[in-house]
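Note sheet for the following structure.
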Amino acid sequence: MVGIGVVVTVICVVMVVLCVVSMMLSSGPKYPKVQEYTLDQAWTRQPLLFSATEIEPMALPHHAGPTDTDGGSASGKW
Numbered sequence: 490m491v492g493i494g495v496v497v498t499v500i501c502v503v504m505v506v507l508c509v510v511s512m513m514l515s516s517g518p519k520y521p522k523v524q525e526y527t528l529d530q531a532w533t534r535q536p537l538l539f540s541a542t543e544i545e546p547m548a549l550p551h552h553a554g555p556t557d558t559d560g561g562s563a564s565g566k567w
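What follows is the structure, given as C-alpha cells:
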C-alpha cells in the first residue's frame, strides 16, 4: 500500500511541472512600451506631487521604530 505522503508528493510535483510548462508557453504580460525621456525633449505631462500626508496616523510601540520613517525624511540646512 502506498503511503499518503507519496501521493501528495507526486501531486505537488505534477502541479509544479504544469505551472512551469504554462509559464514557459505563455508570452508574458503585454505592457505598453515606455517612451524614454531625455532632457533635450519638452516635458508634456502634468507635474507629479508625492506627499507623505496620505499615510494613515500610526501609534508606534516605541520611538524610532522601523515604520517611524514612513513618508521619507529630509536632511541638510534649512
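Counted the way our numbering counts, the sequence shown spans residues 490 to 567. The C-beta atom is built at its ideal place from N, Cα and C for all residues, glycine as well.
Ranking Arg534, Cys508 and Met513 by CA distance to the CA of Gln524 puts Arg534 first. A straight line joining the alpha-carbon of Pro518 with that of Met512 spans about 11 Å. In the structure shown, Gly494 falls within a helical segment according to DSSP collapsed to helix, strand and coil.
Taking the CA atoms as reference points, Cys508 sits about 15 Å from Thr498.
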